[in-house]
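Going down the list, the protein sequences come from chains P and W.
Residue numbering for the first sequence is 1 to 306, as defined by this note's numbering.
Residue numbering for the second sequence is 307 to 616, as defined by this note's numbering.
Everything on this sheet refers to the single structure shown next.
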Amino acid sequence: MQRYILTRIFYSFISLILLSITIFGLVRISGDPVILMADPGAKEEDLQALRVEFGLDKPIYVQYGVWISKLVRGDFGKSLYYRVPALELYMSRLPASILLMAVAMTIATLVGIPIGIFAAVRVNTWLDSFGNVFANLGLALPSFFIGLTLMLVLSVDLNLLPSSGSGTIKHIIMPAIALGWVLMASNMRLARSAMLEVLGSEYVKLARIKGLSERLVILKHAFKNALIPVLTFASIQVVLLMNGTVVVESIFAWPGIGRLLVEGINFRDFPIVQTTVLLTGLTIVGVNLLVDILYAYIDPRIHYGQ
Amino acid sequence: MDSSPVMAPAGTFAGQPTVLSLSRRVAAKLRGAPLISLGILALLVFTAVFADFLAPHNPEVGNLRLRYRPPAWETRGSAEFILGTDHMGRDVLSRIIYGSRISLIVAVAAVLVAGIIGTTLGLLSGYIGRWVDQVIMRVTDTWLALPPVLFAILLAAVLQSSTWKIPSKWNIVIILGVVFWTRYARVIRGEVLSLKERDYVRLAIVAGCSRLKIMWTHILPNVANSAVVLATLQIGVVIVAEATLSFLGVGVAPPEPAWGLMASEGKAGLMTGYWWLSVLPCLCIMLVVLAASSLGDWFRVWSDPQLRQL
């Protein structure tokens, strides 16, 4: 077990290094990094001063080392637009995003998994095909489509919810549904296929032969085991959430990191873009590690070698 | 697994297959194909190719005095602008028609770029193995961990401030190609790993073929099928990604009529009742994406009866 965890940590570490090399490399191949750091239209002598200040005359691996050591010390550069450290800005926006993601994930779980289970129990009925259409739509539609449709129906036509902003519970409903939609669809699909597999297994057959009621078979024997694949999917869910949050936050003017990223690119504020992507990557690598370790605890069948 | 489905049946050896038998065979092959989806995609290709003849107005130049005309079936609508006009007085129908061209070009080009990068790296990774494999696969894992939209925005920011000047349409092709190659690399690598143990590959090694020649003439044709299936499955994903990036303002630049961009420009009008500006392009995206994904699913099953999970 201990060895398993250590290898996982080692792999995560390698991922982080590769992530940083990727981002560092991308920034460097695109042209003069000084132009990225300076305000657009800066004078040539200012650029030269910046080059000396950042040690850009040194070899590339030295530059990478310097860059990394700054990141480790929490120095992600300064936002060009807000004139505050990028890390500080990111941290101030993070709670709003976490709140939104948590609500979205809750909705997706509470709606998606039961529908999936029902679809599997009543396989090949109208309920199942309805769920299937719903899942396909959820997976295929871009999240801005869902966001705009919700806005059109719930705030323009019915005038129930505010169209943008944050602060009250009413504000979070639409962005959370828009963000959770794709998760709901994937939860549903996953729960359906996992449940179908479990329902066909020997121990469920045995439980039925024993004469247990159908309700008890499903709730006590099948449901618990069908949850394992759904749990492992959690790390992919985080990727989906991060992906969707960029779009949803900018539609509904939700003040989180997704909107920060879009602001970053619209104001040509490169440090912000870089910081957001780096820290998101870090978060995802961390979540993956956590899921791997948790999974080993939950499912005793996993073997800890390699 | 490489039983080419278009191979002629033994009965036709006597002469060239007639047009009739050929069309009958094509019809037999297409049985079970999602015809509605095929129709939608055919329409997409048709409008994309003939946009110049189909569009009633110029998609990028409008008349400011004719702003916010609703579609023809609403009370204030006119037959001149069937789907209404936008905030700059441009004809929405013409913009949607030209938008189909952008969607199609970007999707096909991006899928090609991603496919070429991914297949090449997958081949190298699977065939050469050792440290090449380690490096490529670790990079693939890392890139897969990044959410595509965030990664694409980072790339857009890099290209935005780079010294190269590329038109926005090709910018997004590069971005999507770089973001989406990882899946090809993974799948192709897996197939190469099993293919390279086959006898014909070993014989080619014994015969003294160079690694490059083996990869090109002996392995590539056998993984091409998977690459094509993956590409059809990715078309819908790439269209959504392009629309999303254009919606966020980092994709196709105005005044070009990309659907995602139209949806984003129309968002401001949504609250004031100009619903058609964002709803219509969104509907187009929805139809095309659903069609592409159902066709991709069908094609996967059709070309791969054993249902390997690609």
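No residue lacks a Cβ here, since even glycine has one placed at the ideal position from N, Cα and C.
*asked:* Distance cutoff 8 Å, beta carbons only. Does CYS588 of chain W sit that close to anything in chain P?
replied: Yes, CYS588 of chain W lies at the interface with chain P (some Cβ there is under 8 Å from its Cβ).
*With C-beta atoms as the reference, is ALA135 of chain P less than 8 Å away from LEU196 of chain P?*
At the C-beta level, ALA135 of chain P and LEU196 of chain P stay beyond 8 Å of one another.
*asked:* Rounded to the nearest angstrom, what separates GLU44 of chain P and ARG51 of chain P at their Cα positions?
replied: CA-CA distance, GLU44 of chain P to ARG51 of chain P, rounds to 11 Å.
*Taking GLY167 of chain P as the reference, give the member of P:ALA207, P:THR283, P:ILE5 and P:PRO255 with the closest Cα.*
The residue with the shortest Cα to Cα distance from GLY167 of chain P is P:PRO255.
*Can you pull the chain P residues whose beta carbon is under 9 Å from the beta carbon of VAL534 of chain W, in chain order?*
Those within 9 Å of VAL534 of chain W in chain P number zero; the least Cβ separation is about 21 Å.
_Distance between beta carbons of VAL493 of chain W and SER532 of chain W, contact taken as under 8 Å_ = Under the criterion of beta carbons closer than 8 Å, SER532 of chain W and VAL493 of chain W qualify as touching, at roughly 6 Å.
*asked:* Run through chain P and tell me which residues come within less than 7 Å of GLY542 of chain W, C-beta to C-beta.
replied: Listed by position along chain P, the residues whose Cβ is nearer than 7 Å to that of GLY542 of chain W are ALA140.
*Spatial distance of SER310 of chain W from VAL529 of chain W (CA atoms)*: In this prediction, SER310 of chain W scores a pLDDT of 45, lower than 50, which makes its location untrustworthy; the coordinate-derived value is nonetheless stated afterwards. SER310 of chain W and VAL529 of chain W have their alpha carbons spaced roughly 12 Å apart.
*Look at the Cβ atom of LEU89 of chain P, then the Cβ atom of LEU260 of chain P, and state whether they are nearer than 8 Å.*
When the beta-carbon positions are compared, LEU89 of chain P and LEU260 of chain P come within less than 8 Å of each other.
_Could you check whether the Cβ of ILE14 of chain P sits closer than 8 Å to any Cβ belonging to chain W?_
For ILE14 of chain P, the answer is yes, since a Cβ of chain W falls inside 8 Å of its Cβ.
_Straight-line gap, GLY77 of chain P to LYS58 of chain P (C-alpha atoms, nearest Å)_ = Near 19 Å, if we compare the C-alpha coordinates of LYS58 of chain P and GLY77 of chain P.
*Nearest to TYR374 of chain W (by Cα), restricted to the options W:GLY572, W:ASP447, W:LEU418 and W:VAL412*: Cα-wise, what sits closest to TYR374 of chain W is W:GLY572.
*Alpha carbon to alpha carbon, how far is PRO376 of chain W from ASN364 of chain W? Give it in angstroms, no decimals.*
ASN364 of chain W and PRO376 of chain W have their C-alpha atoms spaced approximately 18 Å apart.
*Are the region 9 to 19 of chain P and the region 445 to 457 of chain W touching by the rule of at least three beta carbon pairs closer than 8 Å?*
Yes: the two stretches touch, three or more of their Cβ pairs being nearer than 8 Å.
*asked:* Closer than 9 Å between beta carbons: that is the criterion. Which residues of the region 282 to 300 of chain P meet it against chain W?
replied: The region 282 to 300 of chain P vs chain W, Cβ under 9 Å: ILE284, VAL285 and ASN288.
_Suppose the cutoff is 6 Å on Cβ atoms and the five residues either side in sequence are ignored; what does the same chain contact list for MET313 of chain W look like?_
Here the model assigns MET313 of chain W a pLDDT of 46, short of 50, so the residue's position is not dependable and the matter cannot be decided.
*Would you mind reading off the limits of the alpha helix (DSSP H) that contains TYR433 of chain W?*
It spans 398 to 434 - the alpha helix (DSSP H) in which TYR433 of chain W sits, taken as one unbroken run.
_Complete runs of the beta strand (DSSP E) confined to the region 122 to 155 of chain P [at least 3 residues]_ = Fully enclosed beta strand (DSSP E) runs of 3 or longer: not present.
*So, is the C-beta of PRO473 of chain W closer than 8 Å to a C-beta in chain P?*
Put simply, the CB of PRO473 of chain W is far from chain P, with every gap to its CB atoms at 8 Å or more.
*Have a look at GLY74 of chain P and GLY65 of chain P and give me their C-alpha separation to the nearest angstrom.*
Their backbone Cα atoms lie some 14 Å apart in a straight line.
_Helix, strand or coil for THR391 of chain W? Go by DSSP, reduced to three states._
Reduced to three states, the DSSP call for THR391 of chain W is strand.
*Cβ-based burial, GLN440 of chain W [other Cβ within 10 Å; buried from 16]*: With fewer than 16 other CB atoms across the displayed protein chains lying within 10 angstroms of its CB, GLN440 of chain W is exposed.
*Check the C-beta distance from GLY395 of chain W over to LEU372 of chain W and give it rounded, since I have them as a contact under 8 Å.*
About 4 Å separates the two Cβ atoms, so the contact holds.
*Proximal residues of chain A, C-beta to C-beta of TRP604 of chain W below 9 Å*: In the structure shown, chain A cannot be found, because the protein chains are P and W.
*chain W beta carbons: is any one of them nearer than 8 Å to that of MET151 of chain P?*
By this cut-off, MET151 of chain P is an interface position.
*Check whether ALA547 of chain W and PRO473 of chain W have beta carbons under 8 Å apart*: At least 8 Å separates the beta-carbon of ALA547 of chain W from that of PRO473 of chain W.
*Inter-residue CB distance, THR578 of chain W and PHE144 of chain P (contact presumed, cutoff 8 Å)*: Not a contact, Cβ separation roughly 19 Å.
*Using 10 angstroms around the beta-carbon of GLY180 of chain P, count the other beta-carbons present and answer buried if the total reaches 16, otherwise exposed.*
In this structure GLY180 of chain P is buried. Its beta-carbon is surrounded by 16 or more other beta-carbon atoms within 10 angstroms.
*Could you have a look at LYS519 of chain W and say whether DSSP puts it in helix, strand or coil?*
In the structure shown, LYS519 of chain W sits in a helix (DSSP, three-state: H, G or I).
*Answer yes or no: does any C-beta atom of chain W fall closer than 8 Å to that of PHE144 of chain P?*
Output row for PHE144 of chain P: interface = yes.
*Sequence-distant residues of the same chain with beta carbon closer than 6 Å to LEU289 of chain P, five excluded per side*: Here the set comprises ARG8 and SER12.
_Any beta carbon of chain W sitting closer than 8 Å to that of ILE98 of chain P?_
Among the CB atoms of chain W, none fall inside 8 Å of the CB of ILE98 of chain P.
*Check whether the Cβ of ILE60 of chain P lies closer than 8 Å to any Cβ atom in chain W.*
Not one beta carbon of chain W lies nearer than 8 Å to the beta carbon of ILE60 of chain P.
*Just confirm the distance between the C-beta atoms of HIS524 of chain W and VAL498 of chain W, as a whole number of angstroms; I'd bet it's less than 8 Å.*
11 Å between Cβ atoms; not a contact.
*asked:* On the DSSP bridge list, what partners appear for LYS78 of chain P?
replied: The beta-bridge partner set that DSSP reports for LYS78 of chain P consists of P:PRO85.
*Can you tell which of P:VAL204, P:VAL182 and P:ILE107 has the C-alpha that lies nearest to the C-alpha of ALA226 of chain P?*
Closest in C-alpha terms to ALA226 of chain P, from the list P:VAL204, P:VAL182 and P:ILE107, comes P:VAL204.
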